[in-house]
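First up is the structure itself, then whatever we jot down about it.
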Amino acid sequence: MTFDLSRIADPSFFADGRLPAWSDHRWFASEDELRAGTSSYEQNLNGLWKFHYARNPEQAIAGFQQPEFDVADWDDIPVPAHIQLHGYGRPQYANVQYPWDGHEQIVPGEIPTRFNPVGSYVTDFVLERPSRPGERVVITFHGAESAIALWLNGTYVGYAEDSFTPSSFDITDALVDGPNRLAAQVFTWSGGSWLEDQDFYRFSGIFRDVVLTHRPVAHVADLHVRTVIDGASAEVVVAAEIEGEGELSAQLDGVGTLVRGEDGTLRVRIENARLWSPEDPYLYDLVLHLHTGTGEVAEVIRQRVGVRRFEIEGGVLRLNGERVVFFGVNRHEFGLQGRVMTREQTAADLRLLKSIGVNAIRTSHYPNNSFFYDLADEFGFLVIDEMNLETHGIWDAVRAGDLPVSDALPGDRAEWRDALLDRATSLLRRDRNHPCVVIWSCGNESFGGTLIRDVADYFRSADDRPVHYEGVDWDPRYPETTDIVSRMYTPAAQIEEFLATNREKPFILCEYAHAMGNSFGAVDRYLDLAYRDELFQGGFIWDFSDQAIELTDRYGNTYFGYGGDNGEAPHDSDFSGNGILFADHTPKPFVQEVSYLYQPLKLTVERDGVSIENRNLFTSTAAYSAVATLRTDGRTLLTATIESDIAAGERGFVPFDFEVPRVPGEYTIDVEFFHRSATAWAEAGARVARGQGVVIVDGAPPAPTSGARPELIHGIHNIGVRGEHFEALFSQLYGGLVSYRYGSTRDGGRELLAAMPKPSFWHAPTSNERGWGAPFEDGQWLLASRYARAAGRPLHTARVTTDDESVTVSYTYDLPTRPASSCDVDYRVTGDGCIEVTLSMTVAEELPDLPEFGMMLLISPEHDHLRWYGDGPEESAVDRRLGARRDVFDADVATQLTPYLRPQEAGSHTGVRWAEVTDRRGWGVRVDSEYGMEFSALPWTPFEIENADHHHELPPTRHTVLRPALMRRGVAGDDSWGARTHPEFMIPTDSPLRFRFAFTGVAGRGVAGRG
């Protein structure tokens, strides 16, 4: 057998000498090895390998696989790793585009020839223990992208494609005593690459573990464990494919010995079985012993078994008989080392997801490492296990009409059928013993056709799990392909409309709530629908974490790069930045919204108690401890314990044993539920759910008097307003408030303003706003914010009025819009130094929507501490504030611009009653709004933020920028390429707009004159 390089573009040549797929169980030589978790049958070959890089196969070094070839001067490269992250070629992020598109004129069945990097790998190894008589030695590459050819001691062993499932080869006959020379070539693109056009970074190399395994003379080659539930009891059924002569026995811990049935399977019945679920992912330990014909133990196997039933019953997806709602997330297997992940990193990721209420994961869009499924079994996730298939680039051409349906890939093209079925088989045989896997997915965004239908038929013929494929929504010729109606990014209202007349199948969103940049608005609409219509069973957020690579610029600054930052083309820019976590897997601010919407208890907190809707499937609220905390203006008044016992799926009301004080004011009541005991994913005391109610006791005492009317000074160019501890200066020349000094000093007081306050209608566009073209539509408001002009003739731009308590200075600003428009700003100054600002405006019907309506005040950057009473602790928006709670919070201004992959509007807080921004001595500015406002304090202006493509490109901080606002447009997030903010979360312009807030100086610690 020899390797034929010319065949790697051939879709029918996807495996040569590769062993059939098998279950991912491990085998041990003894009980002691099993307990220790270390198998003498395994030898890990990870480490430094010798490496040569070539631009294409023609430039790869011939004969390198021979044992005598000298590779001493070759580079070292770690295995596992992506070669592009070690200086070979370039990382390339592309969403829909094939990475070679526009560079070479090729079609499916051809591959790039000019640039198709090849990595040649060499390592020497010695077997850690000699092979015993009759044993076979197998090498497994758990992930090699996109194709691998293998030689041992100069002998060609085989070839395999499919980057994301194991490729195993029997190397027994090529082994020699002593050192063995292993050589491999990994091709960046092969025929199979046409099937791997996922939305991710395009890498190559050996990126998962390489493991040698000994197969003894008697060996369990494949293991298939099923559970059958009958009422309160269940039966565990084990089928095994045994190589050689051996006798298999099995014991289910705590239950008993399995008995061989007439069909040759091993079976045992469990009375009162403890069923596996995300709430209680209980796993039984099944221990199998394989004995040789002479009675010796050949293998000991531990297989964890989750007893559960998942099926479509009565048209609804049910787990153990109960209707399930997916609180899901899509998860690319991606971290700081790309798709090179460890079990420990994965465990940390899954614990975090459990802590925020996620109960389901879709492996978008390829099989993950085996240890992911082990952990998902243990922690309790419902997994849609997705086959390695996406041909989005071809589908784009079909959808645009540039290719006929007959050219869809895989479509109806028979030459691709075997490759698809091979990928499906590799997925199913490896993963079918995992209880976490509840649905098989035929791939992603590959249109439709008979081949994908055949894949679905294969899944059903080999297993009883439901089958999923979203592409039927685009190509409905073969609706039988999917057992589930699946769509992406459909607005909740449209889903409800669809389900009014289409009730044949359960409906899920395999992707929704596109979390790109400052996003995740109005997602509660989907959760509300999931509990109104039983056929809508939730969805999977796109997606888990940003895909970004840590880079260093020419000045030594590190930053997270995205598409194009490595000089690659084509690319899709920052479209990789759509996770609920940042690239380092720390939570983004809107995780507080995810956690609230996905919590298992829906809490409605009232003055006298809390209404609880228990959305668990099996767990009573008695499993949790709970407390209620009464606060006012950030001060805790009391904490009380709550006891409840509301069954899963039921509702109830639990009264408080305390009363809200009668003293006028605003009070908050926070109710929190916690784990009573530790779980595999959380410690005892970890929070499960929370809710807050706000109680206003009427009859607040009148505000303190502001003292005598301040002194009014009429100058030629300026109008001065002065009180005991302050002075404000209004310019007739420049048309605005040019100075506000607070606190007496030798030089006339501390200046708090660094620039003239201006009306603000603009913010740095968010990713979603860029997606639907907001800058193009709304650009007039950028001009209005930057270039508003005070109306009136020279030296008469201000209007002054007085009353018994105050002086009011007013300006009208003409705005460069079409049609022309204007706004009014009134500054009412009282004797205590408080300046009440009223911004008013009538927006012409012909003008575009306003991004925001407020004011911008610049103060010195030394004012870098923010304290506020309002929604927090994280940023919020009018369509993303359910997860926030009202309280007093503190933060550094430097942290307020959320480091989304691309700088954009961020750091705003809704429902703010007051905010203080002070320096280290406590001097600064307080901003108040009687009815609540949106407020942000950032180190940069919206214009500086918009001008930067990365955070390290932002200029040095010169100001602290305060932006109180009546409202900012909601962040939206149904998708990021056209979906706009829901109308109810846009600034209403059908009547005149008016925003009133006040600001005053704040005196430093221990200084008289505090405002």
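If you count the sequence shown from 1, you need to add 173 to reach my numbering.
Note that CB positions come from ideal geometry on N, CA and C, so glycine has one too.
In the DSSP assignment, what residue or residues form a beta bridge with residue i?
i: Gly511; result: Gly508
i: Leu955; result: For Leu955, which the question treats as bridged, DSSP gives no partner whatsoever.
i: His1082; result: Phe1108
i: Phe337; result: Answer is none; Phe337 lacks a bridge partner.
i: Trp1087; result: Tyr1042 and Asp1101
i: Leu988; result: Ser994
i: His641; result: Ser614
i: Phe201; result: Val473
i: Ser912; result: Leu902
i: Thr655; result: For Thr655, which the question treats as bridged, DSSP gives no partner whatsoever.
Please go through the same chain and pick out, in chain order, the residues whose beta-carbon is closer than 6 Å to the beta-carbon of residue i, but skip the five residues on each side of it.
i: Arg572; result: none
i: Ser422; result: His462
i: Pro264; result: Gln257, Tyr374, Ile722 and Asn739
i: Gly553; result: Pro451 and Pro454
i: Gly864; result: Leu776, Val778 and Val844
i: Gly1182; result: Low per-residue confidence applies at Gly1182: pLDDT is 39, beneath 50, and the placement is therefore not dependable, though the value from the model is reported in the following sentence. Only His898, Gly916 and Ala1176 meet the Cβ criterion.
i: Pro389; result: Glu308 and Ala471
i: Leu523; result: Leu548 and Phe552
Considering just the uninterrupted stretch of the alpha helix (DSSP H) at residue i, what are its terminal residues?
i: Arg626; result: Thr623 to Ala635
i: Leu770; result: Val764 to Leu770
i: Gln424; result: Careful: Gln424 lies outside any alpha helix (DSSP H), inside the beta strand (DSSP E) at Gly419 to Leu425.
i: Val571; result: His565 to Arg572
i: Leu439; result: Here Leu439 belongs to no alpha helix (DSSP H); instead the beta strand (DSSP E) covers Leu439 to Ile443.
i: Asn789; result: Neither: Asn789 is in no alpha helix (DSSP H) and is coded neither H nor E.
Counting along the chain, where does the beta strand (DSSP E) carrying residue i start and finish?
i: Asn217; result: Glu215 to Asn217
i: Pro932; result: Lys931 to Ser933
i: Ser892; result: The question names Ser, yet the displayed sequence has Ile at residue 892. Segment Asn891 to Arg895, the beta strand (DSSP E) holding Ile892.
i: Lys775; result: Leu774 to Val778
i: Lys678; result: No beta strand (DSSP E) contains Lys678, which DSSP labels as neither H nor E.
i: Ile321; result: Ala320 to Leu325
i: Ser293; result: Val291 to Phe298
By Cβ distance below 7 Å, which residues in the same chain neighbour residue i in space, the five residues on each side in sequence not counted?
i: Ala635; result: Leu601
i: Phe831; result: Leu803, Leu811 and Ala813
i: Phe829; result: Asp781, Gly782, Ala801 and Ala813
i: Asn219; result: Val252, Pro253, Asp382 and Val383
i: Phe1170; result: Val1010, Val1100, Asp1101, Ser1102, Met1106 and Pro1137
i: Leu526; result: Val502
Is it buried or exposed, residue i, if we count other Cβ atoms within 10 angstroms and call 16 or more buried?
i: Arg725; result: First, the residue type needs correcting, since residue 725 is Thr and not Arg in the sequence shown. So Thr725 counts as exposed.
i: His565; result: buried
i: Tyr960; result: exposed
i: Gln238; result: buried
i: Arg943; result: buried
i: Ala673; result: exposed
i: Leu869; result: This sequence places Ile at residue 869; Leu is not what is there. That one is exposed.
i: His607; result: buried
i: Phe717; result: buried
i: Asn730; result: exposed
i: Gln772; result: buried
i: His887; result: exposed
i: Ile815; result: buried
i: Glu1047; result: buried
i: Gln720; result: buried
i: Ala1017; result: exposed
i: Thr142; result: In the structure as shown, the chain begins at 174 and stops at 1184. Residue 142 is therefore absent and cannot be evaluated.
i: Gly1179; result: Legend: pLDDT at Gly1179 = 47, less than 50; position of this residue unreliable, value from coordinates given subsequently. Looking at its Cβ environment, which holds fewer than 16 other Cβ atoms inside 10 Å, Gly1179 is exposed.
i: Tyr685; result: buried
i: Arg477; result: buried
i: Asn217; result: exposed
Going along the chain, which residues of its own chain have a beta-carbon closer than 8 Å to the beta-carbon of residue i, five neighbours each way excluded?
i: Glu206; result: Ser212, Ser213 and Val473
i: Glu707; result: Val489 and Arg496
Could you give the C-beta distance for residue i and residue j, rounded to a whole number, given that I count them as a contact under 8 Å?
i: His1124; j: Pro1076; result: 6 Å
i: Met1029; j: Ser904; result: That belief does not hold up - the Cβ atoms of Met1029 and Ser904 are roughly 17 Å apart, past 8 Å.
i: His538; j: Gln371; result: 5 Å
i: Gly1151; j: Trp945; result: 5 Å
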